[in-house]
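Line order of the protein sequences matches chains A and B. Take the first sequence: its position 10, counting from 1, is numbered 9 in numbering that gives the first Met the number 0, and each next residue is one higher. Take the second sequence: its position 159, counting from 1, is numbered 158 in numbering that gives the first Met the number 0, and each next residue is one higher. See below for the structure under consideration.
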Amino acid sequence: MTTDEIQTGLAEILEEVAGILPADVSPEKSFTDDLDVDSLSMVEVVVAAEEKFDVKIPDDEVKNLRTVGDAVAYIEKHGAAA
Amino acid sequence: MNSATGSPGARILGLGHYRPSKVLTNDDIAAFVDTNDAWIRDRVGVVTRHIAADDESVVDMAVAAAGKALAAAGAEADSIDLVVTATCTLEASLPGASATIATRLGIPGPGAFDLNAACAGFCYGLTVADDAIRCGSAQRVLLIGAEKLSAWVDWTDRSTCIIFGDAAGAAVIGGSETTGIGPVVWGSDGTRAGAITIPGRDAAMHMEGQAVFRWATTTMGKVALEACRRAGVAPEDIAIVVPHQANLRIVDAIVRQLGATNAVVARDIVDSGNTSAASIPLALSRLVERGEARTGDDVLVLAFGAGLTFAGQVITCP
Chain A
0 MTTDEIQTGL AEILEEVAGI LPADVSPEKS FTDDLDVDSL SMVEVVVAAE
50 EKFDVKIPDD EVKNLRTVGD AVAYIEKHGA AA
Chain B
0 MNSATGSPGA RILGLGHYRP SKVLTNDDIA AFVDTNDAWI RDRVGVVTRH
50 IAADDESVVD MAVAAAGKAL AAAGAEADSI DLVVTATCTL EASLPGASAT
100 IATRLGIPGP GAFDLNAACA GFCYGLTVAD DAIRCGSAQR VLLIGAEKLS
150 AWVDWTDRST CIIFGDAAGA AVIGGSETTG IGPVVWGSDG TRAGAITIPG
200 RDAAMHMEGQ AVFRWATTTM GKVALEACRR AGVAPEDIAI VVPHQANLRI
250 VDAIVRQLGA TNAVVARDIV DSGNTSAASI PLALSRLVER GEARTGDDVL
300 VLAFGAGLTF AGQVITCP
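What follows is the structure, encoded as structure tokens:
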């Protein structure tokens, strides 16, 4: 899966969970500050991402995923499809 | 040796609930910790909760709720031969609450014990009562969930003090010819014991909110589906869903995963807060009182909490 594909997949999840427009999703955007994803929605995003990308994202890692780019990089590195 | 002979089935005969008179709003809480009404509504779903008076105990609330359940069931106090109280917030560790509750209600010398499965306690108790009646250990059980969380919350901790409330709910359970309490799906995960704790007698409630949210939203939907499957009731035929009132977003996630498209869903957390073991009997009793849950309805009850523990089953509305 390419970086773009992961970002597109993540944007789909963000739209479904938090109603965020895919056009607003770019690597430098912070989940909390820019996209207004609260802590519980972030959990839902993570759970959906685990399923979609066949990746494990432990609770301790979630706080390190500050931006969309952080999440894409984590999935690229740890995903089964990587 | 002889063995006891029980009833073919067991069912709830009547429900009752009690909430203390003092109401605490989100604005009231925002006056002493850094939070606000919109944040609490959005993250947790609570708008108001009831708080017990300083001299109002878990037993006081339990007695009030149980008295109403006995009246609703049309049961005489002396017909009860087992009292079980699900609670995790007693003021003292001894004696347990159940014997005192029985005495105050005029129930003469029943079997009496408390049950601590935290917020899941009432659903554990339902199966204990069902088993006792069907095996013949008891004929009529008074099952209570009663909690005074306000005494164990750190009122300077904005991550927890906004969530909880005080209350009691009770059910009288008796024998019946047909099944009124379906097979339980229960379990636990001790690897997550640290997620919700009150670590000592002078300590306060600690909760890892995001971890619990994740566990509940990824586990409880499956438990709900399995409880329906084991009861032989399709999710779309469930009339009432009463999940433990931990967080409105968890309630919504579970109901979405269950696909209980035709059900009335308890959202009692909005004006009761999270009342731990009391939340399910409180919410169901209030739905019955308002006429939203009717006699004979299939009700899915589903609870989860510290331990971590969980339990769920389909029951028949009294």
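Glycine included, C-beta positions come from ideal geometry on N, C-alpha and C.
The C-beta distance from S187/B to L23/B rounds to 32 Å, too long to fall under 8 Å, and the pair is not in contact. For the region 28-54 of chain B, the residues whose beta carbon sits under 8 Å from a beta carbon of chain A are, in order, D41, R42.
DSSP, reduced to helix, strand and coil, places F121/B within a helical segment of the structure shown. In the assembly as shown, R248/B is a buried residue. Its beta-carbon has 16 or more other beta-carbons within 10 Å. Under the three-state reduction of DSSP output, M60/B falls in the helix class.
In the structure shown, N25/B falls within a helical segment according to DSSP collapsed to helix, strand and coil. For Y73/A, DSSP assigns no beta-bridge partner whatsoever. Between V300/B and the set T47/B, S271/B, D165/B, A277/B, the nearest pair of CA atoms involves A277/B. By the C-beta criterion, the region 3-22 of chain B is judged not to be in contact with the region 30-44 of chain B, since fewer than 3 inter-stretch pairs fall below 8 Å.
The C-alpha of V211/B lies about 43 Å from the C-alpha of S2/B.
Only E207, G208, Q209, A210, F212, R213, T216, T217 from the region 207-220 of chain B bring a Cβ to less than 9 Å from some Cβ of chain A. Between the region 50-65 of chain A and the region 105-114 of chain B there are fewer than three C-beta pairs closer than 8 Å, too few to call the two in contact. Where R48/B is concerned, the enclosing beta strand (DSSP E) starts and stops at 47-50. Look at L39/A: its C-beta is under 8 Å from a C-beta on chain B. Restricted to the region 70-136 of chain B, the alpha helix (DSSP H) segments that are unbroken, complete and at least 4 residues in length are 97-104, 120-134, listed in chain order. Considering only N246/B, N115/B, C227/B, L81/B, the residue with the shortest C-alpha distance to D130/B is L81/B. Straight-line spacing of the CA atoms in K67/B and A116/B works out to 24 Å. The alpha carbon of I50/B has as its nearest neighbour, out of A202/B, I39/B, I28/B, the alpha carbon of I28/B. According to the DSSP assignment, L141/B belongs to the beta strand (DSSP E) that extends over 139-147. Interface residue (Cβ-Cβ distance to chain B less than 8 Å): V42/A is classified as such. Per DSSP, the unbroken alpha helix (DSSP H) holding R213/B starts and ends at 208-230. DSSP places P280/B outside any beta strand (DSSP E); the residue lies instead in the alpha helix (DSSP H), whose first and last residues are 278-288. Note on geometry: alpha-carbon atoms of P182/B and W151/B lie some 33 Å from one another.
Contact annotation, L286/B with A265/B: C-beta distance approximately 6 Å; criterion of less than 8 Å satisfied. If you compare the alpha carbons of E235/B, G272/B, T217/B, A305/B with that of D296/B, the shortest gap goes to E235/B.
Using a Cβ distance threshold of 8 Å, L142/B and L125/B count as a contacting pair. A check of alpha carbon separations from D69/A across M41/A, S29/A, D33/A identifies S29/A as the nearest. R248/B has a beta carbon lying within less than 8 Å of a beta carbon in chain A. Interface flag for D35/A against chain B is unset, since no Cβ pair is found closer than 8 Å. DSSP places L301/B in no alpha helix (DSSP H) but in the uninterrupted beta strand (DSSP E) bounded by 297-304.
Interface residue (Cβ-Cβ distance to chain B less than 8 Å): V46/A is classified as such.
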